[in-house]
Amino acid sequence: ENNPLIYAWNAVVKASVESDRAADALREVLSWATSQQSRFHGRIEAEGGDAKAPPAGWLGAWLDGNDWKYLAILPTELRAFLERQKFDVEATLRTWDDREWLLRDGRHLARKVLVGERKERCYAIKRDACDAVREVEDG
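Each residue of the sequence shown is one higher than the last, beginning at 20 in my numbering.
As structure tokens, this is what we get:
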């Protein structure tokens, strides 16, 4: 395997497999978030518009309806989910940022978002990114 073309090709194949992991991770996150909608502030309005935290606590913020611009997830929750699903958390977040899938706050990957009654730093995943990975899946 001293052939540089074989080495280069293997590197390209490895990179494409790894880059697909970022899209796979986002699809998994969307599936999980959809199954946990009641734990996202703003997603399913409680009766009377009460922003009372669910018993298990908030996962982040996600506006109800079709006008949402991003899905915001608390860092501890997103990191724990990605780890449980066996994704490389740092590589995933780095790739999402490289692809401009995250709404950054200056140098921070996480931005402040209203979650319940407080502003919390969350990873805010752009709707365009969510729609893009869903289209590939529906393909």
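Built from N, CA and C at the ideal position, the CB exists for glycine as well.
Predicted model only: the values in this text are computed from it and were never measured.
| Item | Value |
| --- | --- |
| For A143, the first and last residue of its enclosing beta strand (DSSP E) | R137 to K145 |
| DSSP three-state assignment for A75, whether helix, strand or coil | coil |
| Simplified DSSP assignment, three categories, for A129 | coil |
| Proximal residues to T161 (C-beta, below 8 angstroms), its chain only, five neighbours per side dropped | Nothing about residue 161 can be read from this structure; the chain reaches only from 20 to 158. |
| Through-space distance from V108 to R98, alpha-carbon basis | 6 angstroms |
| According to DSSP, residues forming a beta bridge with I92 | G79 and Y142 |
| G79, buried or exposed, once every other Cβ within 10 Å from all chains shown has been counted against 16 | buried |
| C-alpha distance - A30 paired with R103, whole-angstrom precision | 27 angstroms |
| Whole-angstrom C-beta distance between V132 and A148, which should lie under 8 angstroms | Contact flag wrong, Cβ pair sits at about 16 angstroms. |
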